[in-house]
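Here the sequence shown is numbered in this note's numbering, starting from 279 and rising by one per residue.
Idealized CB from N, CA, C, for every residue including glycine.
Just so it is clear, the structure is predicted and the values come from calculations on it, not from any experiment.
Have a look at the structure below, then the notes.
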Amino acid sequence: MPLPPTTHVEFRGLKKRFGNRLVLDGLDLSIDVGETVALIGPSGAGKSTLLRCLNGLTHFEAGEIRIGDELIQSNGNTSAKAVRQVRRDFGMVFQDFQLFPHLTALENITEAPRQVLRLSHNAARQRGVELLTRVGLGDRTDAYPGELSGGQKQRVAVARALAMQPRGLLCDEITSALDPELKGEVLAVLEDLKRDRMTLLVVTHEIGFARRAADRIVVLADGKVIESGLPEEVLDNPKHERTRQFLRQVMR
Ligand SMILES: Nc1ncnc2c1ncn2[C@@H]1O[C@H](COP(=O)(O)OP(=O)(O)OP(=O)(O)O)[C@@H](O)[C@H]1O
Ligand SMILES: [Mg+2]
Numbered sequence: 279m280p281l282p283p284t285t286h287v288e289f290r291g292l293k294k295r296f297g298n299r300l301v302l303d304g305l306d307l308s309i310d311v312g313e314t315v316a317l318i319g320p321s322g323a324g325k326s327t328l329l330r331c332l333n334g335l336t337h338f339e340a341g342e343i344r345i346g347d348e349l350i351q352s353n354g355n356t357s358a359k360a361v362r363q364v365r366r367d368f369g370m371v372f373q374d375f376q377l378f379p380h381l382t383a384l385e386n387i388t389e390a391p392r393q394v395l396r397l398s399h400n401a402a403r404q405r406g407v408e409l410l411t412r413v414g415l416g417d418r419t420d421a422y423p424g425e426l427s428g429g430q431k432q433r434v435a436v437a438r439a440l441a442m443q444p445r446g447l448l449c450d451e452i453t454s455a456l457d458p459e460l461k462g463e464v465l466a467v468l469e470d471l472k473r474d475r476m477t478l479l480v481v482t483h484e485i486g487f488a489r490r491a492a493d494r495i496v497v498l499a500d501g502k503v504i505e506s507g508l509p510e511e512v513l514d515n516p517k518h519e520r521t522r523q524f525l526r527q528v529m530r
């Protein structure tokens, strides 16, 4: 199934507070069409918050986010239409899958295309089977989430996001709840999507994956981008002491 062209994303001067804690501190970041960006950085740096701001799941106090022609503005001044469009453009995949337990793998995938895109039962099923096949689960369409491994559940979650034909995916530590041998099968799906030139913004602690698959690594600390560059630049020759510290910890 051909994917629609992707969209440029730009964060400008993003500030986000929780109480009196400044979690995003004037963050600037631009993501190119079709780029795969690995977002790394210490716990509490603001990585999840950044994805949530982009997807309209949380408001911010200053700055703006441009996504193609749409604008997400501070203090919830964004139109409902822009938020809908951004959620259509970018699928989000979470660490804990968030599948419906009472629906089969296929039903989990067909639900939103039927309700939101008004696809017919048959068209949604056809798309669902294609996508499950693509993530290597063509033989498990009728399995319930409780009957699937973590890696399989996460691949269903990716297929569900893809069923809305997004232009990009936002992935928040989607392999961190998985056993090492299951991480690889989920990361392989992302690498396959990258070949389709989807825009991928991937929060990850999988440094090997970031080195292999990312066009660029962006390091977030204290609510700011402290370093950004080619994987080998950032990983082998980090400029910032905070980056060196973080890499020592995750690569231990
Ligand atoms: N709903 C919330 N209410 C209050 N504080 C929050 C909330 N969500 C996040 N925070 C705080 O904002 C900061 C950034 O959190 P965020 O989840 O974005 O970090 P992160 O970089 O994703 O960390 P991790 O690697 O641990 O997932 C943290 O200090 C966190 O405690
Ligand atoms: Mg997080």
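Residue i: beta carbon under 7 Å from a heavy atom of ligand 1?
i: Ala-323; result: yes
i: Phe-296; result: yes
i: Gly-319; result: yes
Got a sec: does ligand 2 put a non-hydrogen atom nearer than 7 Å to the Cβ of residue i?
i: Glu-221; result: Since the first and last residues shown for the chain are 279 and 530, residue 221 lies out of range.
i: Ser-326; result: yes
i: Asp-374; result: no
i: Glu-484; result: no
i: Asp-367; result: no
i: Glu-510; result: no
i: Asp-500; result: no
i: Asp-420; result: no
i: Val-301; result: no
i: Val-311; result: no
i: Val-481; result: yes
i: Glu-451; result: yes
Quick one: does residue i have its CB under 8 Å from some CB of chain C?
i: Glu-459; result: Note that chain C does not occur in the displayed structure, where there is just one protein chain.
Measuring alpha carbon to alpha carbon, tell me which of the options ends up nearest residue i.
i: Arg-520; options: Lys-502, Ala-401, Thr-453 and Leu-426; result: Lys-502
i: Gln-376; options: Ala-358, Gln-527, Ala-439 and Leu-468; result: Ala-439
i: Arg-366; options: His-483, Thr-285 and Arg-473; result: Thr-285
i: Val-364; options: Glu-505, Ala-402, Gly-446 and Arg-433; result: Gly-446
i: Arg-473; options: Ala-491, Arg-362 and Gln-404; result: Ala-491
i: Met-370; options: Thr-482, Val-436 and Phe-296; result: Val-436
i: Val-311; options: Pro-444, Val-497, Val-512 and His-483; result: Pro-444
i: Ala-466; options: Ile-495, Asp-500 and Arg-412; result: Arg-412
i: Glu-425; options: Ala-383, Gly-462 and Ala-441; result: Ala-383
i: Leu-513; options: Ala-499, Val-528 and Asp-500; result: Val-528
i: Pro-320; options: Val-434, Lys-517 and Asp-500; result: Asp-500
i: Glu-451; options: Ile-485, Asn-298 and Gly-354; result: Ile-485
i: Ile-309; options: Glu-505, His-518, Val-287 and Ser-506; result: Val-287
i: Arg-299; options: Leu-307, Asp-306 and Ala-323; result: Ala-323
i: Gly-428; options: Ser-398, Ala-441 and Lys-461; result: Lys-461
i: Cys-449; options: Val-301, Arg-362, Gln-432 and Leu-395; result: Gln-432
i: Val-434; options: Val-361, Asp-457, Asn-353 and Leu-381; result: Leu-381
i: Asp-305; options: Arg-522, Arg-405, Ile-504 and Phe-524; result: Just to set this straight, residue 305 is Leu in the shown sequence, not Asp. It is Ile-504 whose Cα lies nearest to the Cα of Leu-305.
i: Phe-296; options: Asn-333, Glu-339 and Leu-332; result: Glu-339
i: Gln-373; options: Arg-494, Gln-430 and Leu-471; result: Gln-430
i: Leu-415; options: Lys-517, Thr-336, Leu-525 and Glu-463; result: Glu-463
i: Ala-402; options: Glu-408, Asp-493, Leu-395 and Thr-388; result: Thr-388
i: Asn-355; options: Val-301, Arg-405 and Thr-336; result: Thr-336
i: Arg-489; options: Asn-400, Glu-510 and Glu-469; result: Glu-510
i: Asn-353; options: Asp-347, Arg-362 and Gly-334; result: Gly-334
i: Arg-362; options: Met-442, Ile-495, Thr-482 and Asp-303; result: Met-442
Would you call the region 322–332 and the region 283–301 touching, i.e. three or more CB-CB distances under 8 Å? yes
Between the region 410–429 and the region 342–350, can you find at least three pairs of beta-carbon atoms closer than 8 Å? no
Start-end ranges of the alpha helix (DSSP H) lying completely within the region 465–530, minimum 4 residues: Listed in chain order, the complete alpha helix (DSSP H) runs (minimum 4 residues) inside the region 465–530 are 485–491, 509–514 and 519–528.
Which runs of the alpha helix (DSSP H), 4 residues or longer, sit entirely within the region 386–455? 399–412 and 428–440
Contact between the region 312–320 and the region 477–486 is defined here as three or more beta-carbon pairs at a separation below 8 Å; is this criterion met? Under the Cβ criterion (8 Å, minimum of three pairs), the region 312–320 counts as touching the region 477–486.
Minimum length 4: unbroken alpha helix (DSSP H) runs contained in the region 320–357: 325–332
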